[in-house]
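Throughout the sequence shown, residue numbering follows my numbering, covering 86 to 228 in sequence. Quick reminder that beta carbons are idealized off the backbone N, C-alpha and C, glycines included.
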Amino acid sequence: MRKMTQVTPYAAPVARLLLSFMFILSGLQKITGYAGTQQYMEAMGVPGAFLPLAILTEVAGGIALLLGWQARIAAVLLAGFSVISGLLFHFLPSLGMEGMAAQGEMISFMKNLTIAGGMLMVVAAGPGKWSLDARAGRETATA
Numbered sequence: 086m087r088k089m090t091q092v093t094p095y096a097a098p099v100a101r102l103l104l105s106f107m108f109i110l111s112g113l114q115k116i117t118g119y120a121g122t123q124q125y126m127e128a129m130g131v132p133g134a135f136l137p138l139a140i141l142t143e144v145a146g147g148i149a150l151l152l153g154w155q156a157r158i159a160a161v162l163l164a165g166f167s168v169i170s171g172l173l174f175h176f177l178p179s180l181g182m183e184g185m186a187a188q189g190e191m192i193s194f195m196k197n198l199t200i201a202g203g204m205l206m207v208v209a210a211g212p213g214k215w216s217l218d219a220r221a222g223r224e225t226a227t228a
């Protein structure tokens with residue numbers, strides 16, 4: 086048990102890094118491939134006017150989560166983003182597909198749900214003691 090308690094303080098910052106990396110990178114890729122992303126969104130029935138909001142959510146939310154600043158709020162937003170984008174871009178398209186294509190989209194949808202679950206763990210447990218929230222006294226520094 087003692088060895089586990091030596092590792093525990095590192096779990097929250099590593100988890101935040103792993104959870105945030107995808108969002109930050111994805112948001113930045115949407116900026117560099119703006120026109121293509123906008124076209125893809127519109128082809129999926131989502132107005133391209135929502136792209137700036139998606140970029141802001143991913144980049145700002147990802148950075149906030151990474152730093153542990155307003156981490157619970159960022160995690161709630163990113164969890165919601167994961168569920169909504171999973172429904173729109175993976176689950177609903179899978180309904181019109183068959184075989185491996187449908188299975189691939191369903192796996193992607195389930196990954197989005199899994200990410201949302203990880204974000205809700207951040208909401209429940211907080212960002213840990215190595216976070217800006219803990220430094221500012223907004224968090225109980227237990228993890």
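Exclusion of the five residues before and after H175 leaves E190, M191, S193, F194 and N197 as the residues of its chain whose Cβ lies within less than 8 Å of its Cβ. Under the three-state reduction of DSSP, E183 is assigned to coil, being neither helix nor strand. The DSSP-derived three-state label of E190 is helix. The beta carbon of L102 lies closer than 7 Å to those of L151 in the same chain, with the five residues before and after it left out.
Cβ-Cβ separation between A221 and P212: approximately 11 Å, too far for a contact (criterion under 8 Å). The C-alpha of T199 lies about 27 Å from the C-alpha of T117. Under the criterion of beta carbons closer than 8 Å, S105 and G147 qualify as touching, at roughly 4 Å. In this model, P94 and G153 are separated by some 14 Å (Cα to Cα). 9 Å or more divides the Cβ of V131 from the Cβ of A164.
Residue state for E224 is assigned as coil, using DSSP reduced to three classes.
Taking the Cβ atoms as the reference, M129 lies roughly 12 Å from L136, outside the contact range of under 8 Å. Closest in alpha carbon position to L110, among A160, A187, E143 and A210, is E143. One Cα belongs to L173, the other to A100, and the distance between them is close to 26 Å.
Here the alpha carbon of G171 sits roughly 15 Å from the alpha carbon of G181.
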